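**Q**
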Amino acid sequence: MNVSRIAIAGGVAASTVLLLAGPASAHVSVQPQGVAAKGSYATINFKVPNERDDASTTKLEVNFPTDHPLSSVSPQAVPGWKIEITKSKLAKPLDVHGKKINEAVSKVTWTADGTGIAPGYFQQFPLSVGQLPEDADQLVFKALQTYSNKEVVRWIEEPTAGGDEPDSPAPVLKLTAAAADAHGAAADDKSGEAAAEHAKDTTASSKTASSSSDSDSTARVLGIVGIVIGIAGVAFGVLAGRRRTA
313 MNVSRIAIAG
323 GVAASTVLLL
333 AGPASAHVSV
343 QPQGVAAKGS
353 YATINFKVPN
363 ERDDASTTKL
373 EVNFPTDHPL
383 SSVSPQAVPG
393 WKIEITKSKL
403 AKPLDVHGKK
413 INEAVSKVTW
423 TADGTGIAPG
433 YFQQFPLSVG
443 QLPEDADQLV
453 FKALQTYSNK
463 EVVRWIEEPT
473 AGGDEPDSPA
483 PVLKLTAAAA
493 DAHGAAADDK
503 SGEAAAEHAK
513 DTTASSKTAS
523 SSSDSDSTAR
533 VLGIVGIVIG
543 IAGVAFGVLA
553 GRRRTA
């Protein structure tokens, strides 16, 4: 009986912890589809949960980092939402594939056409972005979440290294190590092609040697068969002559 009571008490305590932890951990976040490698392009998703029981989320504003501007930002259409892209002039132009870029996206705003994100639901907002910086380990996107009751939640607090998570943390995109460059990949491809050609030549030589060997073996067999037939013919002739003489 005591064991049952302890189990029930433990379950209630665990449920209480989950209920208390749920709202605190539900905030606007950003995650890549796959990986977000330094110096490359990636597709990222801003995940927006609704934290209110009596209001819907009707707007999301995402501000892009100014210390590492992105030359390419392309949003994916989201049914029921209008998208507005704001660009700003750069203090220092970006050099992208030999082309100077004087402005970059500074903010993307999604506004609901209808009810937006209802209580108990969440919505993802995808973007294709690049070129990701090579000299940073993460990108911080400050976001504003607006509810149908005009409440605005500011997810703008930047996390500190080794510190506790802020009450209203900004979405942070973690960057992974840079992938191998295209030249290295091309060299690997050429090496692979050379190896494949060598394998083909080796296979062809083996087939030729095998064919020659088979031809030599066939010739030897035919020669032996001919000799045997000749000896048999001579023996038959000698026996036939002896029979006639007798």
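Numbered by the numbering used here, the letters in the sequence shown go through residues 313 to 558 in order.
No residue lacks a Cβ here, since even glycine has one placed at the ideal position from N, Cα and C.
Keep in mind it's a predicted model, so treat the numbers as computed, not measured.
1. Pull up the distance between the alpha-carbon of Gln443 and that of Lys454, whole angstroms please.
2. Pull up the DSSP beta-bridge partners for Gln436, would you.
3. Leaving out five residues on either side along the sequence, give the residues of the same chain with a beta carbon under 8 angstroms from the beta carbon of Ser383.
4. So what does Arg466 bridge to, in DSSP terms?
5. Give the single residue among Thr488, Pro438 and Ala348 whose Cα lies nearest to the Cα of Leu372.
6. Once you ignore the five residues that flank Ala490 on each side, which residues in its own chain have a CB closer than 8 angstroms to its CB?
7. Give the straight-line distance between the Cα atoms of Gln435 and Gly410, rounded to the nearest whole angstrom.
8. Per DSSP, what kind of secondary structure is Gly351 in: helix, strand or coil?
9. List the endpoints of the continuous beta strand (DSSP E) containing Gln443.
10. Taking only three categories from DSSP, how would you classify Pro483?
11. Measure from the alpha carbon of Gln457 to the alpha carbon of each residue in Gln345, Val374 and Ala354, then state which is nearest.
12. Quick check: the Cα distance between Asn357 and Lys462, rounded to an integer number of angstroms?
13. Using the Cα positions of Pro381 and Ile397, report the straight-line distance between them to the nearest angstrom.
14. Which one of His339, Thr369, Leu487 and Gln345 has the shortest CA to CA distance from Asp425?
**A** So, from the data block:
1. As a position in the sequence shown, residue 443 is number 131, starting the count at 1. As a position in the sequence shown, residue 454 is number 142, starting the count at 1. Spanning the two alpha carbons is a distance of roughly 19 angstroms.
2. Counting from one through the sequence shown, the residue named residue 436 turns up at place 124. Lys359.
3. Position 71 of the sequence shown, counted from the first residue, corresponds to residue 383. Here the set comprises Leu406, Val408, Ile413, Ala416, Gly442 and Gln443.
4. Within the sequence shown, the letter at position 154 stands for residue 466. Bridge partners of Arg466: Leu456.
5. For the purposes of this step, residue 372 is taken as the residue at position 60 of the sequence shown. When each option's Cα is compared against that of Leu372, the closest is Pro438.
6. For this step, residue 490 is matched to residue 178 along the sequence shown. Excluding sequence neighbours, Ala490 sits near Ala349, Lys350, Gly351, Ser352 and Glu446.
7. Walking along the sequence shown from the start, residue 435 turns up at place 123. Walking along the sequence shown from the start, residue 410 turns up at place 98. If I take the Cα positions, the gap works out to 37 angstroms.
8. Within the sequence shown, residue 351 is the residue found at index 39, counting from 1. Of the three classes helix, strand and coil, the one that applies to Gly351 here is coil, per DSSP.
9. Mapped onto the sequence shown, residue 443 falls at position 131. Run containing Gln443: none; DSSP gives neither H nor E here.
10. In the sequence shown, counting from the first residue as 1, residue 483 sits at position 171. The answer is coil: DSSP assigns Pro483 none of H, G, I, E or B.
11. For the purposes of this step, residue 457 is taken as residue 145 along the sequence shown, with counting starting at 1. Of the candidates Gln345, Val374 and Ala354, the one whose C-alpha sits nearest the C-alpha of Gln457 is Val374.
12. On the sequence shown, position 45 is the one that residue 357 refers to. On the sequence shown, position 150 is the one that residue 462 refers to. Computed Cα separation, rounded: 25 angstroms.
13. Stepping through the sequence shown from its first residue, residue 381 is reached at position 69. Stepping through the sequence shown from its first residue, residue 397 is reached at position 85. Using only the alpha carbons, I get a separation of about 14 angstroms.
14. Translated into positions along the sequence shown, residue 425 becomes position 113. Checked all of His339, Thr369, Leu487 and Gln345; the closest Cα to Asp425 is Thr369.
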